[in-house]
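Residue numbers (full-length UniProt numbering): 1 to 67. Just below is one structure, and these are the notes that go with it.
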Amino acid sequence: MRLVFVENGPIRLEGQRIVVRIGEREEVREGRVSLCRCGGSGNKPFCDGTHKRIGFQAPGGELEMGD
1 MRLVFVENGP IRLEGQRIVV RIGEREEVRE GRVSLCRCGG SGNKPFCDGT HKRIGFQAPG
61 GELEMGD
């Protein structure tokens, strides 16, 4: 799995199978998920693009987790 901190944007999780659990809800996604990093998303924990509107700024980077 890899986490990509998009410059001025969300945290993107990349992997084959991503399971997201929020309360009693569980959602399985394939490939990638973008998570809010600016705190302004109306669909937390997922990114809805609010970072662009509010001018969020943060450096980019990557974190890769091996087997």
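Ideal Cβ placement from N, Cα and C applies to all residues, glycine included. Only a predicted model underlies this, so the values are computations on that prediction, with no experimental measurement involved.
Work out the CA separation of residue j and residue i for me, nearest whole Å.
| i | j | result |
| --- | --- | --- |
| residue 20 | residue 32 | 11 Å |
| residue 60 | residue 4 | 7 Å |
| residue 27 | residue 18 | 8 Å |
| residue 44 | residue 36 | 6 Å |
| residue 66 | residue 1 | 7 Å |
| residue 30 | residue 13 | 10 Å |
| residue 64 | residue 15 | 10 Å |
| residue 53 | residue 11 | 17 Å |
| residue 49 | residue 62 | 20 Å |
With a threshold of 16 other CB atoms inside 10 Å of the CB of residue i, please say whether the residue is buried or exposed.
| i | result |
| --- | --- |
| residue 9 | buried |
Is it true that the CB of residue j sits closer than 9 Å to the CB of residue i?
| i | j | result |
| --- | --- | --- |
| residue 58 | residue 7 | yes |
| residue 51 | residue 42 | no |
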